[in-house]
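A short write-up of the structure that comes next.
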């Protein structure tokens, strides 16, 4: 793999929390997170700038909290803390593999995560350090995924988020308005920001991304 020429200079990987539990009911499967970290190491070794946004569904998902009587806003914060747990774990596994990795979050927990400062993040990426983001894509003050990604957009695709929320309404009702799903174009590449739940990923990929991504990229790469 080290002899391959990377197609992209920088990538943003959305890693769902549920992908980390493997065949377990919850938590982090050692073999799974080690395999993911090893693959990230190989990609970074190609000279690609790697950013990873982690979810927390392997520990807790706020949308399910009503079943046990937890207030929705409290449950959302619990979900954000779950993303931090995954971020800590992924960072430490990468460090143990000899990879320079940094974990940033808007939560002020200096002993386990650094603050989100855009210029610092860009500097780490250009130095080929893997940067891990926790905090989520929702509407609480600690959700920073959208704010992290959208500054890189050269063109935005507002229709993606609008259609995603319309489709989601048929599945989850009025809760669809809480989604900030969005998309844009960066240097001829289509970038999609979607919620991390398996159902949301399936909906966006099967009903929107697979159908339109080739068309979007074709126009994005057209010469003036």
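In my numbering, the protein residues as written are 2 to 225.
By construction, the Cβ of each residue, glycine as well, lies at the ideal position given by its N, Cα and C atoms.
Hey, residue 106 and residue 56: beta-carbon distance below 8 Å or not? no
If you follow the alpha helix (DSSP H) that residue 1 is part of, which residue opens it and which one closes it? Look at the range of the chain in this structure, 2 to 225, and you will see that residue 1 is not part of it.
Alpha carbon to alpha carbon, how far is residue 196 from residue 76? Give it in angstroms, no decimals. 16 Å
Given residue 177 as reference, the closest of 185, 165 and 187 once Cα atoms are compared: 165
Excluding the 5 residues flanking residue 35 on each side, which residues of the same chain have their C-beta closer than 7 Å to its C-beta? 94
Taking just the CA atoms, how far does residue 207 sit from residue 116? 35 Å
Helix, strand or coil: which one does DSSP assign to residue 6? coil
Let's see if you can read the secondary structure: which residues bound the beta strand (DSSP E) around residue 50? 50-55
Answer yes or no: do residue 133 and residue 104 have a C-beta to C-beta separation smaller than 8 Å? yes
Rounded C-alpha distance that separates residue 129 from residue 191: 22 Å
By the 10 Å Cβ neighbour count, where 16 or more other Cβ atoms means buried, how is residue 211 classified, buried or exposed? exposed
For residue 12, tell me which candidate among 118, 119, 79 and 50 has the shortest Cα-Cα distance. 50
Between which two residues does the alpha helix (DSSP H) carrying residue 202 extend? 199-205
Closer than 7 Å: is that where the CB of residue 120 sits relative to any heavy atom of the ligand FMN? Absent from the structure shown: the ligand FMN. Ligands present: none.
Coil, strand or helix - residue 80 by DSSP: helix
Measuring straight from C-alpha to C-alpha, what distance separates residue 98 and residue 15? 21 Å
First and last residue of the beta strand (DSSP E) that includes residue 190? 190-194
Round the Cβ separation of residue 52 and residue 126 to the nearest angstrom and send it over; I've been treating them as touching at under 8 Å. 6 Å
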